[in-house]
Amino acid sequence: MSEILPANRARLAVVLRATNDVVSIETAAQALDLDRNAAAKLMSRWAGQGWMRRIGQGLYVPVPIDLATSDQIVSDPWVLVPSLFGESYIGGWTAAHHWDLTEQLFNETMIFAIRRIDEQRVTAQGVTFLAHHIAPKRFFGVKPVWRGTTRVNLSDPARTLIDMLALPQTGGGIDHVADCLSAFRKLRNADLELLIAYAEKFGNGAIFKRLGFLAEAQLQDEKLAAACRTRLTKGYTKLDPGLDCSHLVTAWNLWVPARWKERLA
1 MSEILPANRA
11 RLAVVLRATN
21 DVVSIETAAQ
31 ALDLDRNAAA
41 KLMSRWAGQG
51 WMRRIGQGLY
61 VPVPIDLATS
71 DQIVSDPWVL
81 VPSLFGESYI
91 GGWTAAHHWD
101 LTEQLFNETM
111 IFAIRRIDEQ
121 RVTAQGVTFL
131 AHHIAPKRFF
141 GVKPVWRGTT
151 RVNLSDPART
161 LIDMLALPQT
171 GGGIDHVADC
181 LSAFRKLRNA
191 DLELLIAYAE
201 KFGNGAIFKR
211 LGFLAEAQLQ
221 DEKLAAACRT
231 RLTKGYTKLD
241 PGLDCSHLVT
251 AWNLWVPARW
261 KERLA
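Going by my numbering, the first residue of the sequence shown is number 1, and it counts up by one from there.
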């Protein structure tokens, strides 16, 4: 028995050297020259011994000895994103906080992923990820950031706002999105032309309706409002689908809550 333990530890070391923070069955199989079934059994055995912890289908993280009884092994949950969601990026309210567009913290980490998401809410290592599907053609405006040895994609400030304008719930609701937009304009490197360019590339007319309305009602920025007005599309939409929007602002083809319409008076 004394010979088996060092041998298994040595094999584990080989696997860990071949990966970053998250170990997949495929990585283990390749590192140890095993077929997938044998690698899966080995990873499961290591998990049973407390050396690894399963965080998703075919995905594990190594367990430091001093954290073996802890529910959360990975100190930085961002490192889990590429393994859990594939081609994806962190955005919405999570990116807004990263870029100092808000001081508000949300419990869930907001993810946008290219692959179809079966479960929108995914919990791993005690952290909840809220995932949204994004079409491949809309995968732009992201920056790579390094978290330890793991490269993670993050939406840049302008793209963060575009996603929140397209889906206000990803920004914590339109009131919070409006506050983030105000904070964006105060950034030293704020680029409103890039914001317009991203909105055009995204190809969702609701973005210009919401952005133009907020530019006029919240920011009193006529230049930004005019840029949105020239790109206004037909049809009506809600300022925030999650709110009771009973008042129509015909200038923006937008249904808004009463308290927001009053700001245009």
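We treat Cβ as the ideally placed atom computed from N, Cα and C, and that holds for glycine.
Enumerate in chain order the residues of its own chain whose CB-to-CB distance from residue i is below 6 angstroms, with the five nearest sequence positions on each side excluded.
i: His132; result: Phe112
i: Val152; result: Trp78, Val81 and Val145
i: Val142; result: Tyr89, Asn153 and Ser155
Would you kindly work out how many angstroms separate the C-alpha atoms of residue i and residue j, rounded to a whole number?
i: Pro241; j: Arg159; result: 20 angstroms
i: Gly58; j: Ala29; result: 11 angstroms
i: Met110; j: Thr170; result: 7 angstroms
i: Pro82; j: Ser88; result: 7 angstroms
i: Arg185; j: Arg121; result: 32 angstroms
i: Ala226; j: Gly212; result: 7 angstroms
i: Phe85; j: Ala215; result: 34 angstroms
i: Thr149; j: Val22; result: 11 angstroms
i: Asn204; j: Leu219; result: 22 angstroms
i: Tyr198; j: Phe139; result: 11 angstroms
Note the first and the last residue of the continuous alpha helix (DSSP H) segment covering residue i.
i: Val81; result: Val81 to Phe85
i: Phe112; result: No alpha helix (DSSP H) holds Phe112; the beta strand (DSSP E) holding it covers Thr109 to Ala113.
i: Arg263; result: From DSSP, Arg263 is part of no alpha helix (DSSP H); its letter is neither H nor E.
i: Gly212; result: Gly205 to Ala217
i: Lys201; result: Leu192 to Phe202
i: Thr27; result: Ile25 to Leu32
Where does the unbroken beta strand (DSSP E) through residue i begin, and where does it stop?
i: Val61; result: Leu59 to Pro62
i: Arg54; result: Met52 to Gly56
Grab me the residues of residue i's own chain with a C-beta within less than 8 angstroms of its C-beta, minus the 5 sequence neighbours each way, in chain order.
i: Lys261; result: His247 and Val249
i: Thr128; result: Asn107, Glu108, Thr109, Arg121 and Val122
In its own chain, which residues sit with a C-beta less than 7 angstroms from the C-beta of residue i, not counting the 5 before and 5 after it?
i: Lys209; result: Leu232, Thr237, Trp252, Asn253 and Leu254
i: Leu32; result: Arg11, Val14, Val15 and Ala39
i: Leu192; result: Leu224
Item checked: Within the segment 220–258, ranges of the beta strand (DSSP E) (whole runs, at least 3 residues) -> 247–249 and 254–256
Note to self: I'd like the ranges of any beta strand (DSSP E) spanning at least 3 consecutive residues and lying wholly in the segment 93–162.
What the structure shows: 109–113, 121–124, 127–133, 142–147 and 150–155
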